[in-house]
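Numbers in the numbering used here are just positions in the sequence shown, counted from 1, shifted up by 1. No residue lacks a Cβ here, since even glycine has one placed at the ideal position from N, Cα and C. Input: a single structure, listed below in structure tokens.
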Amino acid sequence: MEEKGLTFIYRGRVRTAGVPQRMFLTRGSEDMEGAFVFPAPFLGRSEGCFFTDERGCYYVEFGGAGRARLNGRPLMKETKTYLKDGDLLAFSEEEIRTDNDYLYILFGDKCRAQDWNRVSFRAAIDQVTGCSAFRRSNVGWAVLTRTGSGTPVMRNGSEAVSPGELLTGEVIEADGRLFIVLEDGVLYQLEKKAAAVRSCNIAGAPTNLPLTIDLKERSVRVHFRKHTLLKDIRLSVEPGEMVLILGGSGAGKTTFMNAVMGYEKGKGRILYGDTDIYSHFSTMKHQIGFVPQADLMRTDDTVRRTLDDAAKLKLPLKITTDKKARLARVDEVMAEMGLTNEADELVSKLSGGQRKRLSIAIELISDPGLFFLDEPDSGLDGNMARNLMEELREIAEKGKIVLVISHSPDRAADLFDKVIVLAKSEADNIGHLAYYGSVGNAFRFFGTESLEEIVKKVNRKDEGGDGQADDFIRSFSIMRRQREQAGRKL
């Protein structure tokens with residue numbers, strides 16, 4: 002029997018959780034214990050609660066500010082509502098205009114976040130999703146009343162009675178799968194067979210694996226003397242997570258990234274799943290995508306030719322020798338990175354944001370499971386930087402691990418699952434781990450309201466900082482040790 006779980010869909014992002022014994026649904030402080038928290042204005046501070054008893058999982062709506070529906074029908078206040086496979090709870094504004102105006106919670110067989118995919122309106126929705134319920138209309142995309150096999154289409158909990166244009170926030174059920182209409186595309190469940198395939202990348206290598214970092218030391222030798230740059234950094238990152246690497250001046254952010262990728266090996270172990278990247282670097286390097294600060298591209302090539310050359314170098318032989326398959330992969334990546342309209346443009350004619358997207362697309366062509374980016378938003382204005390980070394968020398949603406160094410992180414703080422804070426100790430002049438956890442908890446731990454203020458806290462006073470690096474390194478080390486001891490006691 003499949004394990005049951007909850008799938009949350011908010012702001013075009015998917016998260017999953019097991020069935021809780023008791024867990025509140027609320028609009029409150031991030032990472033509030035004992036609650037599923039979403040910063041949605043239409044939720045009440047005590048919207049409702051999930052419970053589990055001998056009969057199964059049920060939900061009780063407390064009648065907060067939200068407009069709660071189950072499978073399209075309003076929920077009764079303070080009444081036990083037992084959930085069955087495929088049930089969909091919906092909470093939304095009265096009129097949905099953007100992805101921020103609704104929250105969906107799906108109950109059933111515990112699917113993973115990466116068992117969902119996203120397709121933009123620019124692509125052929127019916128071809129990409131494999132569902133015949135969708136057709137192009139004069140103004141965009143429309144949904145039909147029946148699929149090609151004759152089965153009815155459900156629209157917002159009721160059988161569709163006439164074809165109609167897709168509207169943001171709508172829930173379409175067809176071929177036993179759900180389709181959530183976003184502002185700029187459709188979020189949809191993969192077919193079970195397709196979901197199984199998604200556990201491997203285009204080369205057949207396993208993906209959707211955790212990254213475990215145990216970096217005891219990273220040192221270099223200068224004039225025959227050993228200089229330790231980083232020390233005692235232990236953490237793990239789950240598939241589907243996008244993690245910010247933050248740190249003070251000289252704390253070793255790029256050194257840390259290079260050590261984790263295996264380009265500059267340190268003392269310790271870096272595991273992707275059960276595979277040690279250091280011991281198997283010759284094979285694991287194909288699972289790693291790295292976008293440096295500088296764009297390394299020929300400016301007199303077109304976007305399509307640039308990606309085709311990358312495909313010839315990075316894809317398996319069976320694809321590189323099949324021109325049709327290779328170019329199909331190029332088209333797929335261009336669509337994913339929003340470069341389809343620039344396919345025949347010279348690289349020299351691209352804007353800064355488009356060039357950075359192309360740099361990412363070059364690495365994305367091989368479908369790596371690990372993605373590292375060193376200041377991808379450098380030199381971009383606020384809107385362009387935000388859009389780029391949203392693209393990276395979508396890459397993470399497909400089960401990949403994305404680690405990003407950024408010096409302007411606050412404009413995309415809500416897109417990161419976690420933050421790594423590195424700080425150089427004044428006691429030993431070595432970079433240490435000063436924090437690892439959610440962004441919300443980071444604000445509380447450092448007593449700040451922004452990520453850039455965290456950098457000021459850990460920077461030395463002669464660098465314009467507050468000089469508190471050692472205090473936070475010590476506090477986090479104590480907190481981590483207490484958690485590990487508590488875990489052993491359990």
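Look up residue i in the DSSP assignment and give the residues it is bridged to.
i: residue 24; result: 51
i: residue 436; result: 422
i: residue 107; result: 8 and 89
i: residue 403; result: 243 and 372
i: residue 273; result: 212 and 276
i: residue 84; result: DSSP, once it has assigned bridges, lists no residue as partnering residue 84.
i: residue 175; result: 178
i: residue 16; result: 9
Buried or exposed for residue i, going by 16 or more other Cβ atoms inside 10 Å?
i: residue 264; result: exposed
i: residue 202; result: buried
i: residue 151; result: exposed
i: residue 448; result: exposed
i: residue 99; result: exposed
i: residue 489; result: For residue 489, the pLDDT reaches just 44, beneath the cut-off of 50, and the residue's location in the model is therefore unreliable, although a value from the coordinates is still provided. By the neighbour-count rule (16 or more Cβ atoms within 10 Å), residue 489 is not buried but exposed.
i: residue 42; result: exposed
i: residue 373; result: buried
i: residue 309; result: buried
i: residue 280; result: exposed
i: residue 75; result: exposed
i: residue 51; result: buried
i: residue 55; result: exposed
i: residue 156; result: buried
i: residue 315; result: buried
i: residue 258; result: buried
i: residue 262; result: buried
i: residue 394; result: buried
Just to confirm, are residue i and residue j a CB contact at a threshold of 8 angstroms?
i: residue 253; j: residue 465; result: no
i: residue 312; j: residue 299; result: no
i: residue 241; j: residue 398; result: yes
i: residue 364; j: residue 292; result: yes
i: residue 129; j: residue 144; result: no
i: residue 359; j: residue 276; result: no
i: residue 435; j: residue 420; result: no
i: residue 120; j: residue 186; result: yes
i: residue 214; j: residue 236; result: yes
i: residue 17; j: residue 111; result: yes
i: residue 13; j: residue 28; result: no
i: residue 49; j: residue 36; result: no
i: residue 72; j: residue 84; result: no
i: residue 124; j: residue 336; result: yes
i: residue 142; j: residue 189; result: no
State the start and end residues of the unbroken alpha helix (DSSP H) segment that holds residue i.
i: residue 360; result: 353-365
i: residue 118; result: Residue 118 -> not in any alpha helix (DSSP H); beta strand (DSSP E) instead, spanning 117-121.
i: residue 294; result: First-last for residue 294: undefined, no H or E at that position.
i: residue 458; result: 452-459
i: residue 181; result: Looking at the DSSP string, residue 181 is not in any alpha helix (DSSP H); the run it does join, the beta strand (DSSP E), is 178-182.
Write down the C-beta distance between residue i and residue j rounded to the nearest angstrom, noting that I regard them as a contact closer than 8 angstroms.
i: residue 402; j: residue 376; result: Actually they are not in contact, since the Cβ atoms of residue 402 and residue 376 sit about 18 angstroms apart, beyond 8 angstroms.
i: residue 497; j: residue 274; result: Given a span of 2 to 491 for the chain in the structure shown, any question on residue 497 remains unanswerable.
i: residue 354; j: residue 389; result: 6 angstroms
i: residue 350; j: residue 381; result: That belief does not hold up - the Cβ atoms of residue 350 and residue 381 are roughly 17 angstroms apart, past 8 angstroms.
i: residue 161; j: residue 216; result: So it is not a contact: roughly 54 angstroms between Cβ atoms.
Could you give the residue range of the beta strand (DSSP E) that holds residue i?
i: residue 237; result: 226-238
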